[in-house]
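Take 2 as the starting number for the sequence shown in our numbering and just add one per residue. C-beta: ideal position from N, C-alpha, C; glycine also. Because the structure is a prediction, the values reported are computed rather than measured.
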Amino acid sequence: MCLQAVMNHEPGELVDKLHDSRQKFYEGLSHFKTFGKGWTRRNQEMREQAKGLIG
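Structural data, given as structure tokens:
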């Protein structure tokens with residue numbers, strides 16, 4: 002994502018978009034059935050931490 006695209010979004014919206022994009026990527030991996038629960042949990046934790054930093 003280029004800097005201009007980042008500047009055109011609210012921080013919380015950007016965090017959500019990045020989370021959703023990453024989750025979609027994980028769900029498309031062949032090992033999602035095996036590792037998906039952990040990937041999803043960590044992705045959600047990252048979202049919560051990022052939103053906490055925003056305020």
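Over what stretch of residues does the alpha helix (DSSP H) that includes Asn44 continue unbroken?
-> In the sequence shown, counting from the first residue as 1, residue 44 sits at position 43. From DSSP, the alpha helix (DSSP H) with Asn44 extends over Phe33 to Ile55.
Distance, Cα to Cα, Gln34 vs Gln24?
-> For the purposes of this step, residue 34 is taken as the residue at position 33 of the sequence shown. For the purposes of this step, residue 24 is taken as the residue at position 23 of the sequence shown. Checking the sequence shown, residue 34 turns out to be Lys, not Gln. Whole-angstrom Cα-Cα distance: 13 Å.
Best match in Val7, Val16 and Met8 for proximity to Gly53 [C-alpha to C-alpha] = Position 52 of the sequence shown, counted from the first residue, corresponds to residue 53. When only C-alpha atoms are compared, the closest one is Val16.
Distance, Val7 Cα to Arg43 Cα | For the purposes of this step, residue 43 is identified with residue 42 of the sequence shown, where counting begins at 1. For the purposes of this step, residue 7 is identified with residue 6 of the sequence shown, where counting begins at 1. Taking the straight line from one Cα to the other gives about 23 Å.
From Glu64 to Cys3, what distance separates their C-alpha atoms?
-> Because the chain is modelled from 2 through 56, residue 64 falls outside the range shown and cannot be assessed.
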